[in-house]
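Structure first, commentary second.
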Amino acid sequence: AHLKEQMPEVYEQFVDIATRLENHYKDMQDMEFTIENGKLYMLQTRNGKRTAAAALKIAVDLVDEGMIDEKEAVLRVEPKQLDSLLHPQFDAQALKAAEVIGKGLAASPGAACGQVVFSAEDAKEMVESGE
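According to the working numbering, the residues represented by the sequence shown are 3 to 133, in order.
This is the structure we're talking about:
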């Protein structure tokens, strides 16, 4: 069930508080709350964690909403986050449609495709043979 339908007054109160917190901190907030006996309790708030792409979008949105200026937006996106955006990435729809054939730890933040090898020696042999 949706809070807006089940408890419209609490929903409106939450939206008001969330808006005030985001305006105060001038950043997207990660808010924890509970509702007990029809009463809203805000437990804590903090600046929300985000991916590099989300950080960039949020910074642009905050400028568009007039909450921060362009200089502040640039300062909010960490250079190391931008690096991850420069690597090739898979299309989100293609990832949803893809069949998972294995899992592992990423060696870089980007996307790649090609032959699978299981050792550096095998990779070297493939390169030398022109594969």
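Beta carbons: idealized from backbone N, C-alpha and C, even for Gly.
Quick caveat: nothing in here was measured; it's all calculated off a predicted structure.
- Of 76, 108, 19, 102, the smallest CA-CA separation from residue 89 is found for 108.
- Around the beta carbon of residue 30, 16 or more other beta carbons lie within 10 angstroms, which makes this residue buried.
- DSSP lists 43 as the bridge partner or partners of residue 36.
- Within the same chain, and ignoring the five residues on either side of residue 71 in sequence, the residues whose Cβ sits closer than 8 Å to its Cβ are 65.
- Between the beta-carbon of residue 32 and that of residue 47 there is about 7 Å, and that keeps the pair under the 8 Å contact cut.
- Between residue 23 and residue 12 a beta carbon distance of about 16 Å is seen, past the 8 Å cut, so the two are scored as non-contacting.
- By the criterion of a C-beta distance shorter than 7 Å, residue 125 is surrounded in its chain by 119, once the five residues flanking it on both sides are discounted.
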